[in-house]
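Before any comments, here is the structure.
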Amino acid sequence: MEIIISILAGVLFTTAIYNLLQKQLLRIIIGTILLSHGAHLFILTMGKLKRGQPPVLTDGVSEYTDPLPQALILTSIVISFGITALLLVLAYRTSQENKTDNMEELRGNSNE
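In terms of the numbering used here, the numbers along the sequence shown are unbroken and rise by one, the last being 134.
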C-alpha cells in the first residue's frame, strides 16, 4: 500500500512541476495545489500506514498508530486551502486589471 501511495505522490509532484512551468496563471495555481497534495501523501506515507491499531496508547495496547502525521496533514490542508483561495483571488484580480493571464505578457515580454 505504501508503494502505491509513494508512486501517486511522485505522479502528483511530476504534474505539479509541469504545471508550475506553464505560462498561464491558472495552471500555476493548479501546480501549487497538486504540489501540496503530493506533500500530504508523502507525509502520510512517511508516518507508516498502520491499519487496525488505535491512535492513542492506553493500557493493554502494545502497538498504536502515530497520530502526528494525520495532525500535520490536517493542519497543512487548512493552510493550503487558505493559500489557494488567496492565489485564486490574486489571479482573478490580475487578469481583470491587465486583461491577460499569460505570465510572459505580464512581465512585458510580448512574443509578437
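Cβ coordinates follow ideal geometry from the N, Cα and C atoms, glycine included. Just so it is clear, the structure is predicted and the values come from calculations on it, not from any experiment.
*Quick one: grab the DSSP three-state call for Gln44.*
In the three-state DSSP reduction, Gln44 falls in the coil class, being neither helix nor strand.
*Taking Ser102 as part of the alpha helix (DSSP H), name the residues at either end of that continuous run.*
Looking at the DSSP string, the run of the alpha helix (DSSP H) that includes Ser102 is Leu90 to Asn120.
*8 Å Cβ shell around Leu94 - same chain, five flanking residues per side excluded*: Cβ neighbours of Leu94 beyond the five flanking positions: Ile65.
*In the DSSP assignment, find the unbroken alpha helix (DSSP H) run with Leu128 in it and report its ends.*
Met125 to Arg129
*Could you give the DSSP three-state label for Leu71: helix, strand or coil?*
coil
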